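Those sequence lines, one after another, are chains A, B, C and D.
If you count by our numbering, then the first sequence holds residues 50 to 383, one letter each, in order.
If you count by our numbering, then the second sequence holds residues 50 to 383, one letter each, in order.
If you count by our numbering, then the third sequence holds residues -6 to 374, one letter each, in order.
If you count by our numbering, then the fourth sequence holds residues -6 to 374, one letter each, in order.
In this text, a Cβ means the ideal position worked out from N, Cα and C, and glycines have one as well.
Please read all numbers here as calculations on a predicted model, not as lab measurements.
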Amino acid sequence: MSVVAEQAAKKNYLAGLREALLEEMEARPDMVCIGEDIGLLGGAFGVTEGLMERYGPQRVIDAPISEAAIVGVAIGLAMQGRPVMAEMQFIDFISCGFDQIVNNAATMYYRTAGKVNLPIVIRGPSGGYGGGGPYHSQQNEAWFAHSPGLKVVCPSTPADAKGLLTASLRDPNPVIFYEVKELYRKRDIEEPIPDNHFVPLGSASIRRPGNDVTVVTYGNPAYLCLQASDELSSEGIDVEVIDLRTLVPMDDETVIQSIRKTNRVVVVNEASRTCGFAAEVIARINEMAFEYLDAPPLRVTRADTPVPWVKPLETAVLPSVESICDAIRRVARF
Amino acid sequence: MSVVAEQAAKKNYLAGLREALLEEMEARPDMVCIGEDIGLLGGAFGVTEGLMERYGPQRVIDAPISEAAIVGVAIGLAMQGRPVMAEMQFIDFISCGFDQIVNNAATMYYRTAGKVNLPIVIRGPSGGYGGGGPYHSQQNEAWFAHSPGLKVVCPSTPADAKGLLTASLRDPNPVIFYEVKELYRKRDIEEPIPDNHFVPLGSASIRRPGNDVTVVTYGNPAYLCLQASDELSSEGIDVEVIDLRTLVPMDDETVIQSIRKTNRVVVVNEASRTCGFAAEVIARINEMAFEYLDAPPLRVTRADTPVPWVKPLETAVLPSVESICDAIRRVARF
Amino acid sequence: MAKDSTTVTEPDSQAPSTETQSAANRARDLLTPEDHLEILRQLYLTRYFDVRLIKEKRRGRLRGTLYSSHNQEAILVGTIFGLRPTDWLSPIHRDMPAFFLKDLKSGWDDPNRMGMSIQEVCAQVWGKATAPGRARDNWSHIGDAEKGIICSTSMLAGTIPVAAGIAYDFKLRGFDGVVLTYNGEGATAQGIFHEAINFAAIHKLGVITIIENNQWAYGTPVELECPTKDVADRAKGYDIPGLIADGQDVLDVYDKTMWAVERARRGKGPSLIECKTFRAYGHGDHDDDRAAKYRNSDDVDKGRSRDPIAVYKAELVRLGILSQAEADAYKPEGKHAIETTDEDFPPAVVAALKEAVEFAVNSPMPEPDEAFRWVFAEDQP
Amino acid sequence: MAKDSTTVTEPDSQAPSTETQSAANRARDLLTPEDHLEILRQLYLTRYFDVRLIKEKRRGRLRGTLYSSHNQEAILVGTIFGLRPTDWLSPIHRDMPAFFLKDLKSGWDDPNRMGMSIQEVCAQVWGKATAPGRARDNWSHIGDAEKGIICSTSMLAGTIPVAAGIAYDFKLRGFDGVVLTYNGEGATAQGIFHEAINFAAIHKLGVITIIENNQWAYGTPVELECPTKDVADRAKGYDIPGLIADGQDVLDVYDKTMWAVERARRGKGPSLIECKTFRAYGHGDHDDDRAAKYRNSDDVDKGRSRDPIAVYKAELVRLGILSQAEADAYKPEGKHAIETTDEDFPPAVVAALKEAVEFAVNSPMPEPDEAFRWVFAEDQP
Ligand SMILES: Cc1ncc(C[n+]2csc(CCOP(=O)(O)OP(=O)(O)O)c2C)c(N)n1
Ligand SMILES: Cc1ncc(C[n+]2csc(CCOP(=O)(O)OP(=O)(O)O)c2C)c(N)n1
Ligand SMILES: [Mg+2]
Ligand SMILES: [Mg+2]
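What follows is the structure, given as structure tokens:
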């Protein structure tokens, strides 16, 4: 393949998501999409662009501004065996549909003793670093990781975006799917996406192999961790970066294996600190690999604050290359 | 005081809560209570018994079945400087008012840069062990511990119930207050409650001093931990039981001090495992006392399932004296 | 609650309100004498089921809370009787008998019928492995997709959007089924009630919201839940019909339901039916004593004075379907649940319950290990 | 949107609908010529503020999204003009000018007035430490308890219960203040809209819900948000007045608002006012181009054809308050925001903005350390 052709084949994160949706809608005529402004407009960010034109307003529902009803209707459709994609315009608004998700969707399979499963993907743009303020910057995945019966996914590359969304849409369980909106159109992460790309849920990816310190992360901070690793390699610290990709179920194996090798770990999530997913990772590491730890596992997270709007304030509370480097240095030199 | 008089002065957990409410309503004529069936009926469990008779239907509002509006109205009242008690009939239903809590109440002080604080206590019966099934057994405190701006409290004794509720009602911030409904009328925990009892938020209580293993817990499992300690003392394991009482802010100091002494810790919460508060405690211990740990900090929690209704199933998933003993033995013998 | 409160709000301009009125009163004319006798049998059965559970509960044989449907039987029987087996239901806490009433006409014991058997329902009450959902949640929170019954959470009004989703599926498939959801008048204050009915109205889905207005939501009177004169007025906010039925009169409930059902089958969208009734006892059995604190006993006596079984039997006598002697053969009506005896009910009804309770009692408990199962579905083939 | 769509639903039996109609049309008669000129000035100011921000945004000088209030000025000015300084407001994303319009009559620069200054509002837009809330949240999410403005979250309709809480406090204190909340027609689909208005109606609280029905909720037309003929019909579900105002006619908006406000002051409870208008541009400035995809340009032209400034000036000429020459002195009406120039606006308006923008631009950014402050309030004395 010529360089030009290969260039042309590079796709952004958003394209990966769109492809997954289009292919699944095409392959499964019973699938339905529902969300605010996903049809006529094609979605606030364009993830669903072209869906309504292709599959009509019956299968691509422009829902009223009713997050709880969107989830509830998705449950009804899924009970009838239909795969459903339900979009939250920003994942921040998921709190308005919270009860239907944690109490109804998450537990249906359990309550019916395995009779009714719900193939629903609730997806939406998430994350900070874009100056969105408290209500357009959330990564509230810990709420859902704490709600048994939900899978939780957060891809950070275009290929993973497609592969994991495909896997999520085919999964028989409700999945909360965190898209990193700052990555949607980021040029320098564009990459070719293989045809029929499928990334099974529950498998982490080693984004950078290394021997000295393991860094466990997901979402946008994966790039900060990679940058930090580059910086630290000049200081002689060889970092292994693990992108969890799926939080529930979590790929314990890959994390533990890495720690057996490095004996040191830093966990990074961009959500607020207390009861964030990083705490969960650390608890598991303690349970499964305590003997291998030569230094305290540290967390780098957002401060326990909302995400403020003004840029210098936002920057102050979110994980940065600097704060990640600091933590890695601390465990490396412990 | 004669034994008889002392006996008479013993009060149950529910009485402690009621006293706190009555005293604060009496002392602060601007205070308002709002909730479903709290007035005419006096509350599903009787915590607000007598309030409406004394303070009238204007200050004790029998709200419609609208958890979100209850919280939102409480915010408006609190903005006008009124202390507000908002009851959730069961804490499980808090998910219906979730957005107003985590996005509106929790962040108001932050968003107004310290101009508007909200003295609201959202309280309600919580917890399992009573055969309530998935929607009458939750302890969903981790969701709120993960939402900056909320304090989170969970007393386990009658005196703490009163002292912490008093402190919460006087706190200028929104507090989510978890009452353990299985303890409401439990006879064998009744105790005298000092007059004007006040337990400051953020202070843990050492329920049993010990030297070998620290157990950190709160709520109903505190009693399971005490029982486990008794059993294990015969095996020569001397357990220190710390009842956190307040999760946010957490009394790190007491926990860390204890671990410096015992070098071993087990954390018990009755909520489901992944991203539960126990994980947070373990992450903090790693950050603050890693060098003192001689064994992996372990968690005992509910399994990652809803709380099933039928008794043997409920028992299977919740922490028990047995599972707590097992974990303590494991860390003691590590 | 008087018969004359029967009105129909029909904003749909194609159906003028006079025509509507008569349409709403005509469904009963199609009932055969056999239908009438079946309806009566179902009323007895519904009452007896509740009476039996009340007694079992008092004897301490049952766990969980019993929300009695006593005095509200006409709503359950009247709304369900005319449905097709393939229609869906979503009952709430006070509607325990609805689970077996669904498709009961097909025969009480038909294993293929599109409703649960009385055995299954009793197994649920007793918390046994033979219950739908293997008793993982309590009492009325059962469902069965194969039987067309939504499994509800405790969160009131929370199944209406699910009903809308099912009805949306019907629409996509060109199927003319309907979904009935049950809600107390108190539940109409929930946000999800609004979101779901709004959605159903926009898409003209076959969702029918039955409001069992028994005047009380636990310890809160209807005036503190709903600001409109009638709860049915809520419908006006969605431009859908808001019907009012006399909840003590099974035929009026039946008429109104059939009108809404037929309208929904024609693709004209949702309706709301307020059935006016009165809660006979406490909110749940734990509240029986406390309820006296907040409900005046005169009001309670008055509220209970039109027993739906008595009302219906009088009508059947008037229609010549029952003789007075036949009507008087079994007389549970007007009695407090614990004052009734088995002699107050037809032997077949008593026998059916006896068998069901035995089935439940003799069924095994679920194994503790089950508690860890079915959190996640395995990948489907 | 024609004047004849002006109707009033008044379910309150004490106020028959004919009387109501005239009451609703009489408020304007109390306005003095000075009031009229102040209203016009406010319309110019509101328009110019938006125009200025649109231009600043295009030049890349601002962060965040601008939700233009162009063509909807009459709603903001007309609803706020007659309020008392002690009344409360809760504007939403499209209502940025509302923050300074509140109590603007007290003088643009009065530091004690019960509205924000234009400086403060610009400081917020520019994200400076001098903004209310020190720019910790963006654009319209500001509030100030001292100025009687609720600080909103992004979650639509989420301030209505807060408004109800404030109005409940008024009731407890025997104070006859009112709280106006603003919502798009799309926001009426939210569950909290229902819960909050239901609560306000039950307790007859002074909460007035202004619906800015600009026909579109982002990319979704009103028919997919609301099933009733008029959004005002939502009011019927709560037995509260549902008024319809011509959102292009500031005096009609004013009349309807004053009617609802006076009613609320008399303790008769909430109202809902649908102001019919049309969104001039994209949902936000980021959507200006995409909006052409989902909105037909004929409809857009038609929707923008009755510029509220033109409508009002014609009325002032008719009333003899303005000469035609005076009316023609400044003519921003009918022009696209970026086609207008400073000459289209009165110099005082231009100067006020200039000063405010300078204030904003010259204000300091908040210090990064502030980000960690004010998560929790310290114990109060
Ligand atoms: C969202 C939610 N809030 C609170 C409750 C607790 N609760 C259970 S039943 C009930 C009263 C219901 O009243 P109503 O809807 O009139 O039904 P009824 O019991 O009278 O049949 C309440 C408040 C609940 N189940 N769900
Ligand atoms: C609960 C919630 N869901 C979704 C959004 C995203 N959102 C912001 S504005 C908007 C459209 C609002 O339409 P409308 O209420 O008609 O107001 P308009 O913008 O037309 O003035 C949406 C969907 C939100 N802010 N809050
Ligand atoms: Mg009721
Ligand atoms: Mg709009």
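Just to confirm my understanding: we take residue i, look at its own chain, exclude 5 residues before and 5 after, and list those with CB closer than 6 Å. What are they?
{"i": "V370 of chain B", "result": "L273, Q276, A277"}
{"i": "I375 of chain C", "result": "Here chain C covers residues -6 to 374 and nothing more, so residue 375 of chain C does not appear."}
{"i": "S99 of chain D", "result": "R106"}
{"i": "H86 of chain C", "result": "Y60, S133"}
Does the Cβ-Cβ distance between residue i and residue j come in under 7 Å?
{"i": "P446 of chain C", "j": "Y37 of chain C", "result": "Nothing about residue 446 of chain C can be read from this structure; chain C reaches only from -6 to 374."}
{"i": "H279 of chain D", "j": "T58 of chain D", "result": "yes"}
{"i": "F94 of chain B", "j": "Y227 of chain B", "result": "no"}
{"i": "T323 of chain B", "j": "E319 of chain A", "result": "no"}
{"i": "I171 of chain A", "j": "I114 of chain A", "result": "no"}
Name the two residues that bound the continuous beta strand (DSSP E) containing residue i.
{"i": "W81 of chain D", "result": "81 to 83"}
{"i": "I225 of chain A", "result": "224 to 229"}
{"i": "A20 of chain D", "result": "Looking at the DSSP string, A20 of chain D is not in any beta strand (DSSP E), and its letter there is neither H nor E."}
{"i": "G173 of chain B", "result": "169 to 175"}
Establish whether the CB of residue i and some CB of chain A are separated by less than 7 Å.
{"i": "Y323 of chain D", "result": "no"}
{"i": "E218 of chain D", "result": "yes"}
{"i": "D281 of chain D", "result": "no"}
{"i": "H185 of chain B", "result": "no"}
For residue i, which residues in the same chain have their Cβ closer than 7 Å to its Cβ, ignoring the five residues on either side in sequence?
{"i": "L198 of chain D", "result": "A157, A160, Y161, K164, G262, P263"}
{"i": "P84 of chain D", "result": "A91, F92, S133, Y175"}
{"i": "P357 of chain D", "result": "K121, A122"}
Quick one: what's got a C-beta closer than 8 Å to residue i's C-beta in the same chain, skipping five residues either side?
{"i": "P154 of chain C", "result": "I185, E188, A189, F192"}
{"i": "R378 of chain B", "result": "L281, E284, I286"}
{"i": "S252 of chain A", "result": "R294, T295, D300, T303"}
{"i": "M80 of chain B", "result": "E73, M74, R108, R131, P132, V133, M134, L218"}
Is there a C-beta anywhere in chain C that falls below 7 Å from the one on residue i?
{"i": "A76 of chain A", "result": "no"}
{"i": "P113 of chain B", "result": "yes"}
{"i": "L126 of chain A", "result": "yes"}
{"i": "D137 of chain D", "result": "no"}
{"i": "G95 of chain A", "result": "no"}
Closer than 7 Å, CB to CB, is residue i near chain B or not?
{"i": "F339 of chain A", "result": "yes"}
{"i": "E308 of chain D", "result": "no"}
{"i": "F365 of chain C", "result": "yes"}
{"i": "I85 of chain D", "result": "no"}
Can you confirm whether residue i, when its beta carbon is compared against all beta carbons of chain D, has any partner nearer than 7 Å?
{"i": "V165 of chain B", "result": "yes"}
{"i": "Y159 of chain B", "result": "yes"}
{"i": "W358 of chain A", "result": "yes"}
{"i": "D86 of chain A", "result": "yes"}
Taking the alpha helix (DSSP H) that residue i belongs to, which residues open and close that run?
{"i": "N355 of chain C", "result": "340 to 355"}
{"i": "V330 of chain A", "result": "326 to 338"}
{"i": "K360 of chain A", "result": "360 to 366"}
{"i": "I390 of chain D", "result": "No information on residue 390 of chain D is available, as it lies outside the stretch -6 to 374 that chain D covers here."}
{"i": "E319 of chain C", "result": "317 to 322"}
{"i": "Y159 of chain A", "result": "157 to 160"}
Next item on the list: Please list, in chain order, all residues with a C-beta atom less than 7 Å from at least one heavy atom of ligand 4.
Entry: Taking each Cβ in turn, the ones that pass are D:G177, D:E178, D:G179, D:E205, D:N206, D:N207, D:Q208, D:W209, D:A210, D:R272.
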